[in-house]
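Going by our numbering, the final residue of the sequence shown carries number 1332, and the count climbs one at a time with no gaps. Structure first, commentary second.
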Amino acid sequence: MQRKKILIVGAGLSGAVIARQLAEQGHVVNIIDQRSHNRW
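Laid out in structure tokens, this is it:
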């Protein structure tokens, strides 16, 4: 399979799950989200 660059807009549960699956398949995945997820 050809390695692809993929952009996922929205890092909710489904965005995070699909990003992980695609990364495990060898794709380059970037996620952007409106919110900062720093909770500290």
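Even glycine gets a Cβ: it sits at the ideal position worked out from N, Cα and C.
Alpha carbon of residue i to alpha carbon of residue j, nearest angstrom
{"i": "Ala1315", "j": "Val1321", "result": "6 Å"}
{"i": "Lys1297", "j": "Ile1310", "result": "14 Å"}
{"i": "Asp1325", "j": "Gln1294", "result": "26 Å"}
{"i": "Arg1312", "j": "Ile1323", "result": "11 Å"}
{"i": "Val1301", "j": "Ala1308", "result": "10 Å"}
{"i": "Gln1317", "j": "Ser1306", "result": "17 Å"}
{"i": "Arg1327", "j": "Leu1299", "result": "16 Å"}
For residue i: DSSP bridge partner residues
{"i": "Lys1296", "result": "The partner list for Lys1296 (beta bridge, DSSP) is empty, contrary to what the question assumes."}
Endpoints, alpha helix (DSSP H) assigned at residue i
{"i": "Arg1312", "result": "1305-1316"}
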